[in-house]
Structure formats: structure tokens, C-alpha cells
Amino acid sequence: MAILQNDWGTVLADEFEKPYYLKLRQLLKEEYQTQTVYPDMYSIFTALHLTGYENTKVVILGQDPYHGPGQAHGLSFSVKPGIKPPPSLQNIYKELQSDLNCTIPQHGYLTHWAKQGVMMLNTVLTVRSGTPNSHKGLGWETFTDQIIAHLNERETPMVFILWGKHAQDKAAFIDSHKHFIIQSPHPSPFSANRGFFGSRPFSRANAFLRSKGIAEIDWQLPLEPEE
107 MAILQNDWGT VLADEFEKPY YLKLRQLLKE EYQTQTVYPD MYSIFTALHL
157 TGYENTKVVI LGQDPYHGPG QAHGLSFSVK PGIKPPPSLQ NIYKELQSDL
207 NCTIPQHGYL THWAKQGVMM LNTVLTVRSG TPNSHKGLGW ETFTDQIIAH
257 LNERETPMVF ILWGKHAQDK AAFIDSHKHF IIQSPHPSPF SANRGFFGSR
307 PFSRANAFLR SKGIAEIDWQ LPLEPEE
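Everything in the sequence shown is counted per this note's numbering, starting at 107 for the first residue and increasing by one.
What follows is the structure in C-alpha cells.
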């Protein structure tokens with residue numbers, strides 16, 4: 107498993123030693139040896155690597171990684187360069203264009219957001235190929251709940267974007283007097299028309315950051331994927 111080189115390494119040091127995590131690690135070792143699992147082992151913690159604890163300005167919470175070949179790389183909703191954006195991400199792009207008039211790229215690689223302080227976090231960080239929710243209940247939920255709890259404790263306010271019921275269940279961990287919570291239906295084609303479209307999460311997030319004297323996010327993605 108990857109070791110975190112930034113401030114998350116200190117923040118989560120105790121978590122990596124807890125019995126539930128050691129058990130999770132053993133289960134994952136067996137899964138990676140016997141099954142096809144996404145993302146690859148070295149990309150599990152991409153969200154934490156790219157967005158440091160103190161650098162986090164916005165959290166976009168997903169569920170579990172994409173389960174198709176070549177898609178997942180450790181950021182919620184994001185896919186590797188060369189992979190067509192999946193339907194949920196296409197709807198995120200439609201809302202981004204409607205909200206901020208951004209030009210929509212052909213790729214779905216969201217590292218530009220992550221490097222600016224957008225924590226693209228799934229609540230479960232691995233999945234078996236072709237089998238959504240296959241790693242639900244292994245222990246990842248406990249780990250990612252701790253990430254959310256640590257972010258909530260931080261003095262500097264941030265934005266939590268919670269799309270769909272699964273993400274909204276995490277609102278119970280978040281101090282809404284300090285942080286700004288944006289909730290709407292999930293961008294999936296099954297629910298996007300029920301209130302995701304028109305929710306303007308990107309401009310609302312920036313308005314909150316601006317009101318706190320925090321630099322806004324440049325939501326315009328590069329038209330070619332950047333490393």
C-alpha cells in the first residue's frame with residue numbers, strides 16, 4: 107500500500123495501525139492477488155496524495171470507484187486520460203457548463219481540480235472488476251469517515267459537496283455552522299433531472315470560499331489532460 111508523503115501521513119498515522127485497517131489491508135492483499143481490482147494498488151490514495159489536509163478547500167464525495175477497465179485512478183468521478191467520461195461525469199460537465207459557462211473537455215481527468223484543493227474522495231476506495239459495491243463493508247467506510255471527521259475538525263472552513271443519499275448520509279459528521287454543505291440529487295442519469303441540474307454547486311462553492319477570503323477554484327479543466 108502507498109504511504110502518504112504529505113500532511114495526511116501525520117493526520118492518519120494512527121488510523122493505519124488500527125485493527126480494522128490491518129484487517130482491511132490483509133483482505134485487499136488477497137483480493138489484489140486473486141482478483142482484478144480497481145484502481146491499481148498504487149492509485150488507491152490518489153485523492154490524498156494530490157490534495158493535502160491543509161490544502162483542502164472543497165470535498166466532492168463519491169461512492170466507490172468505477173469498475174470498468176482503465177477507468178478508476180483514485181479520484182471520485184474522474185477517469186484516466188483516453189477514457190470517455192462516464193454518464194455521471196458527463197452530467198457534471200453539463201452542470202459545470204450551465205453554471206460557469208466552462209468549456210467542456212473531451213477527457214474526464216480531474217487532477218486539475220484535485221491539485222487546487224478539491225478532495226475527490228470516494229467512501230470506498232477499491233472495487234472488484236465489473237462488480238459495483240463489491241468492497242463495501244470491508245472497512246473503507248471507517249477509514250473515509252475518519253478523513254471526513256479530520257477535515258471537519260479543521261479550523262479553516264471548506265465546502266462539502268454531497269450528491270445523492272449515500273453522500274448525504276455523511277452530513278451528520280459535518281459542522282454546518284463552520285463549513286458549507288451543498289446537497290443535491292446524484293448526477294447519475296437516473297436522478298440528475300430531479301434537482302442536480304440547476305443546483306449550481308461550482309459557483310456556490312466559489313462564492314463561499316470568496317466570502318471567507320479563500321482563493322477560489324478554477325473549475326475550467328484544461329482541454330487536454332494534464333499530468
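Glycine included, every Cβ here is placed at the ideal spot set by N, Cα and C. In this text, all values refer to a predicted model and were calculated from it rather than measured experimentally.
Tell me where the alpha helix (DSSP H) around residue i begins and ends.
i, result
"residue 117", "114-117"
"residue 323", "Segment: none, residue 323 is in no alpha helix (DSSP H) and carries neither H nor E."
"residue 194", "193-206"
"residue 251", "246-259"
"residue 298", "Careful: residue 298 lies outside any alpha helix (DSSP H) and carries neither H nor E."
Taking residue i and residue j to be in contact with their CB atoms under 8 angstroms, please state how far apart those CB atoms are, rounded to whole angstroms.
i, j, result
"residue 184", "residue 148", "That pair is no contact at about 16 angstroms."
"residue 164", "residue 323", "6 angstroms"
"residue 138", "residue 178", "So it is not a contact: roughly 14 angstroms between Cβ atoms."
Quick check: the Cα distance between residue i and residue j, rounded to an integer number of angstroms?
i, j, result
"residue 312", "residue 265", "9 angstroms"
"residue 202", "residue 253", "26 angstroms"
"residue 176", "residue 221", "21 angstroms"
"residue 268", "residue 169", "10 angstroms"
"residue 212", "residue 297", "23 angstroms"
"residue 191", "residue 281", "33 angstroms"
"residue 237", "residue 246", "16 angstroms"
"residue 209", "residue 146", "30 angstroms"
"residue 200", "residue 116", "38 angstroms"
"residue 157", "residue 114", "9 angstroms"
"residue 233", "residue 142", "9 angstroms"
"residue 107", "residue 331", "Residue confidence is low: residue 107 scores 49 on pLDDT, short of 50, so the model does not pin down where it sits. No coordinate-derived value is stated."
"residue 126", "residue 249", "9 angstroms"
"residue 130", "residue 173", "19 angstroms"
"residue 306", "residue 204", "8 angstroms"
"residue 136", "residue 150", "15 angstroms"
"residue 295", "residue 195", "10 angstroms"
Can you tell me whether residue i is helix, strand or coil according to DSSP?
i, result
"residue 293", "coil"
"residue 239", "coil"
"residue 264", "coil"
"residue 144", "strand"
"residue 108", "Only weak support exists for where residue 108 lies, its pLDDT of 46 falling under 50; the coordinates are left without a value."
"residue 308", "helix"
"residue 286", "strand"
Which first and last residues belong to the beta strand (DSSP E) in which residue i is found?
i, result
"residue 228", "224-228"
"residue 166", "164-168"
TODO: Evaluate contact between the stretch 150-167 and the stretch 268-285, counting only Cβ atoms and requiring at least three cross-stretch pairs below 8 angstroms.
DONE: yes
Open item on the list: Does the structure place the stretch 243-263 close enough to the stretch 108-126 that three or more beta carbon pairs sit under 8 angstroms?
Closed with: yes
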